[in-house]
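J.:
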Amino acid sequence: MNSGVAYKVVSNIPQDLSSETKKIGTHSGSFHCDESLAIGLLSLLKEYQDGIVIRTRDETILSQCDIIVDVGAIYDAQKHRYDHHQASFKDTFDNDKFNKIRLSSAGLIYKHFGRQIIEELVGEKATIDQKDDIYLRMYANFIEHIDANDNGIEVSDGELKYKITTTLPNRVSRFNPKWNQPSTDESLNLGFSKAIELTRSEFLESLSFYVDDWLPAYQIVERAFNSRFQVDSSGEIVLFDQFCPWKAHLYVLEEKTNSIGSIKFALFQDVKGDWRVQAVPQSESSFTSRVPLHKDWRGIRDEELSQKSGIPGCIFVHASGFIGGAKSYESALQLAKLSLESSVEEPELKKSKQE
Numbered sequence: 062m063n064s065g066v067a068y069k070v071v072s073n074i075p076q077d078l079s080s081e082t083k084k085i086g087t088h089s090g091s092f093h094c095d096e097s098l099a100i101g102l103l104s105l106l107k108e109y110q111d112g113i114v115i116r117t118r119d120e121t122i123l124s125q126c127d128i129i130v131d132v133g134a135i136y137d138a139q140k141h142r143y144d145h146h147q148a149s150f151k152d153t154f155d156n157d158k159f160n161k162i163r164l165s166s167a168g169l170i171y172k173h174f175g176r177q178i179i180e181e182l183v184g185e186k187a188t189i190d191q192k193d194d195i196y197l198r199m200y201a202n203f204i205e206h207i208d209a210n211d212n213g214i215e216v217s218d219g220e221l222k223y224k225i226t227t228t229l230p231n232r233v234s235r236f237n238p239k240w241n242q243p244s245t246d247e248s249l250n251l252g253f254s255k256a257i258e259l260t261r262s263e264f265l266e267s268l269s270f271y272v273d274d275w276l277p278a279y280q281i282v283e284r285a286f287n288s289r290f291q292v293d294s295s296g297e298i299v300l301f302d303q304f305c306p307w308k309a310h311l312y313v314l315e316e317k318t319n320s321i322g323s324i325k326f327a328l329f330q331d332v333k334g335d336w337r338v339q340a341v342p343q344s345e346s347s348f349t350s351r352v353p354l355h356k357d358w359r360g361i362r363d364e365e366l367s368q369k370s371g372i373p374g375c376i377f378v379h380a381s382g383f384i385g386g387a388k389s390y391e392s393a394l395q396l397a398k399l400s401l402e403s404s405v406e407e408p409e410l411k412k413s414k415q416e
């Protein structure tokens with residue numbers, strides 16, 4: 062997979078610059094994550110991989126560039142002008158799922174060049190449909206939060222319980238000169254070059270996950286999903302013959318088969334050869350389980366858990382009930398089955414008390 066090239070970052074167009082070299086314009090001064098990533102994305106394209114970055118606010122210089130990002134108050138893809146700061150700019154990613162966050166320059170470049178980037182980098186490793194899926198997932202799980210951050214949109218409403226200070230935008234901001242250091246064109250350009258490399262490498266790492274890790278897991282999850290009734294007659298427990306990233310694929314398979322919410326537990330072996338039973342979350346980003354493990358077992362371990370549950374070889378059940386462990390497949394399966402039975406009994410008990 063092409064890792065891109067380190068761009069030369071300057072403040073003016075070199076007089077001896079070859080006419081073949083693509084000139085990528087952006088603003089001078091302090092920089093942010095969105096334009097760093099936008100230019101990092103361009104560096105992954107064959108057309109721009111040997112380019113040079115010009116950081117200026119001089120329109121005379123910018124007008125000589127082949128593509129302009131995050132400056133100039135113009136969004137015109139035909140002219141390769143990609144700014145988002147103007148009041149008239151209201152564009153989102155234009156997808157049913159991603160229509161609430163206004164794009165930053167990162168989202169703009171990804172919207173126009175993302176499919177081409179994925180095509181050039183992924184090639185025949187994935188089908189057309191799979192590359193389309195990766196394109197959307199990379200926006201959802203990598204680009205969108207950078208768009209939101211640049212537009213000052215918090216991850217949730219209300220007071221946040223804690224702060225995350227190691228986000229990509231935070232790390233990029235630290236490449237700017239410190240308040241008590243000289244802020245020169247040279248120091249800013251050097252910092253911006255580092256920011257481009259950081260954001261590009263993070264993007265590539267995420268893309269590699271989807272292509273080399275996440276995508277091959279689909280067949281494993283599909284196999285488990287199709288054989289779920291062989292595991293338990295309820296069809297609510299899946300057994301993976303090999304551990305893999307499974308949640309996203311499971312939700313896709315449920316949607317394809319009109320059985321959303323049907324799977325409650327997943328069974329798989331850990332690296333030690335013990336067995337895990339994991340409750341399926343309500344959604345891919347949720348910490349709430351569809352059906353957690355039995356409430357009477359939560360936070361209990363080993364022999365005490367075996368005695369409490371009546372299941373031999375228990376190892377643990379997490380305090381929240383989202384995961385548990387056992388020494389054998391049979392015991393892990395029983396943890397799941399008894400938890401399912403309990404989840405059915407509890408609503409009936411509540412109903413009888415109300416009556």
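Going by our numbering, the first residue of the sequence shown is number 62, and it counts up by one from there.
Every residue, glycine too, gets a C-beta built ideally from N, C-alpha and C.
Quick caveat, the model's predicted, so the values are computed rather than measured.
Rounded to a whole number of angstroms, what is the C-alpha to C-alpha distance between GLU120 and ALA99?
T.: Indexing the sequence shown from 1 puts residue 120 at position 59. Indexing the sequence shown from 1 puts residue 99 at position 38. CA-CA distance, GLU120 to ALA99, rounds to 20 Å.
J.: Roughly how many whole angstroms lie between the Cα atoms of TRP336 and SER344?
T.: Position 275 of the sequence shown holds residue 336. Position 283 of the sequence shown holds residue 344. Going from the Cα of TRP336 to the Cα of SER344 covers about 23 Å.
J.: Just to confirm, is the Cβ distance from GLY86 to ILE129 under 9 Å?
T.: Here the question's residue 86 lines up with position 25 in the sequence shown. Here the question's residue 129 lines up with position 68 in the sequence shown. Yes.
J.: Look up ILE384 in the DSSP assignment and give the residues it is bridged to.
T.: Along the sequence shown, one-based indexing puts residue 384 at 323. According to DSSP, which records beta bridges pairwise, ILE384 is partnered with GLN339.
J.: In this structure, does DSSP put PHE304 in helix, strand or coil?
T.: The residue labelled residue 304 in the question sits at position 243 within the sequence shown. The answer is coil: DSSP assigns PHE304 none of H, G, I, E or B.
J.: To the nearest angstrom, how far is the alpha carbon of VAL70 from that of ILE214?
T.: Counted from its first residue, the sequence shown places residue 70 at position 9. Counted from its first residue, the sequence shown places residue 214 at position 153. In a straight line, the C-alpha of VAL70 is about 30 Å away from that of ILE214.
J.: Measure the alpha-carbon distance for ILE195 versus PHE326 and round it to whole angstroms.
T.: Reading the sequence shown from its first residue, position 134 is the one you call residue 195. Reading the sequence shown from its first residue, position 265 is the one you call residue 326. Between ILE195 and PHE326, the C-alpha separation is close to 26 Å.
J.: Count the C-beta pairs between the stretch 300–308 and the stretch 280–287 that are closer than 8 Å, then say yes if the count reaches three, no if not.
T.: yes
J.: So what's GLN177 in DSSP terms, helix, strand or just coil?
T.: The count along the sequence shown starts at 1 and reaches residue 177 at position 116. GLN177: helix per DSSP, three-state reduction.
J.: Quick one: what's got a C-beta closer than 6 Å to GLY386's C-beta in the same chain, skipping five residues either side?
T.: Walking along the sequence shown from the start, residue 386 turns up at place 325. Counting only Cβ-Cβ distances below 6 Å, and skipping sequence neighbours, we find ASP335, ARG337, ILE376, PHE377.
J.: To which residues of the same chain is CYS126 closer than 7 Å at the C-beta, ignoring the five residues directly before and after it?
T.: For the purposes of this step, residue 126 is identified with residue 65 of the sequence shown, where counting begins at 1. Hits under 7 Å: LYS84, ILE85, GLY86, ILE115.
J.: So, at 7 Å on beta carbons, what are the nonlocal neighbours of GLU409 in its own chain, with the 5 sequence-adjacent residues on each side left out?
T.: As a working mapping, residue 409 is identified with position 348 in the sequence shown. In this prediction, GLU409 has a pLDDT of 47, which is less than 50 and means its spatial position is unreliable; what the coordinates show is noted afterwards. Closer than 7 Å at Cβ, skipping near neighbours: no residue.
J.: Beta carbon of GLU181, beta carbon of LEU105: below 9 Å?
T.: What you label residue 181 is simply residue 120 of the sequence shown in a count that begins at 1. What you label residue 105 is simply residue 44 of the sequence shown in a count that begins at 1. Less than 9 Å divides the Cβ of GLU181 from the Cβ of LEU105.
J.: Scan the stretch 315–378 and note each continuous alpha helix (DSSP H) run of 4 residues or more that stays entirely inside, going in chain order.
T.: 363–370
J.: Expressed to the nearest angstrom, what Euclidean distance is found between the alpha-carbon atoms of LEU401 and GLN139?
T.: By 1-based counting over the sequence shown, the position of residue 401 is 340. By 1-based counting over the sequence shown, the position of residue 139 is 78. For LEU401 and GLN139, the distance between alpha carbons rounds to 57 Å.
J.: State the Cα-Cα distance for the pair ASP144 and CYS94, rounded to the nearest angstrom.
T.: Position 83 of the sequence shown, counted from the start, is the residue given in the question as residue 144. Position 33 of the sequence shown, counted from the start, is the residue given in the question as residue 94. Looking at the two C-alpha atoms, the distance is approximately 14 Å.
J.: Measure the CB-CB distance between ASP246 and SER89 and report whether it falls below 9 Å.
T.: Within the sequence shown, numbered from 1, the residue matching residue 246 stands at position 185. Within the sequence shown, numbered from 1, the residue matching residue 89 stands at position 28. Against a cut-off of 9 Å, the Cβ pair of SER89 and ASP246 comes out as a contact.
J.: Could you name the residues of the same chain whose beta carbon sits closer than 6 Å to that of SER267, not counting the 5 residues immediately before and after it, in chain order?
T.: Locating residue 267 in the sequence shown gives position 206, where the first residue counts as 1. Answer for SER267: PHE203, listed in chain order.
J.: Of all the options TRP275, LYS356, PRO373, ILE384, which has the alpha carbon lying nearest to the alpha carbon of ALA309?
T.: Working through the sequence shown from its first residue, we reach residue 309 at position 248. It is TRP275.
J.: Among the residues of its own chain, which have a CB less than 7 Å from the CB of ASP357, if the five just before and after it don't count?
T.: Taking the sequence shown and counting its residues from 1, one reaches residue 357 at position 296. Cβ within range, chain order: LYS369.
J.: Going by DSSP, which residues form a beta bridge with GLY168?
T.: Reading the sequence shown from its first residue, position 107 is the one you call residue 168. Partner(s): none; GLY168 has no beta bridge.
J.: Relative to the C-alpha of SER295, which candidate in ILE361, ALA397, LEU311 has its C-alpha closest?
T.: Here residue 295 refers to the residue found at position 234 when the sequence shown is read from its first residue. Here the closest residue by C-alpha is ALA397.
J.: For ARG116, which beta-bridge partners are listed by DSSP?
T.: Taking the sequence shown and counting its residues from 1, one reaches residue 116 at position 55. THR87.
J.: Tell me whether the beta-carbon of ILE324 lies closer than 9 Å to the beta-carbon of VAL341.
T.: One-based indexing of the sequence shown puts residue 324 at position 263. One-based indexing of the sequence shown puts residue 341 at position 280. Contact: yes.
J.: Taking DSSP's pairing of strands, which residues face LYS443 in a bridge?
T.: The requested residue 443 is not part of the displayed model; the chain covers only 62 to 416.
J.: Drop a sphere of 10 angstroms on the beta-carbon of ALA67, count the other beta-carbons inside from all chains shown, and report buried for 16 or more, exposed for fewer.
T.: Residue numbering aside, residue 67 sits at position 6 when the sequence shown is read from its first letter. That one is exposed.
J.: Less than 9 Å separating the beta-carbons of SER165 and ASP211?
T.: In the sequence shown, counting from the first residue as 1, residue 165 sits at position 104. In the sequence shown, counting from the first residue as 1, residue 211 sits at position 150. Less than 9 Å divides the Cβ of SER165 from the Cβ of ASP211.
J.: Cα separation between GLY360 and SER248?
T.: Sequence index remark: in the sequence shown, residue 360 carries index 299 (1-based). Sequence index remark: in the sequence shown, residue 248 carries index 187 (1-based). Roughly 53 Å between the two C-alpha positions.
J.: From SER124 to LEU300, what does the alpha carbon distance come to, in whole angstroms?
T.: If you number the sequence shown from 1, residue 124 lands on position 63. If you number the sequence shown from 1, residue 300 lands on position 239. Spanning the two alpha carbons is a distance of roughly 59 Å.
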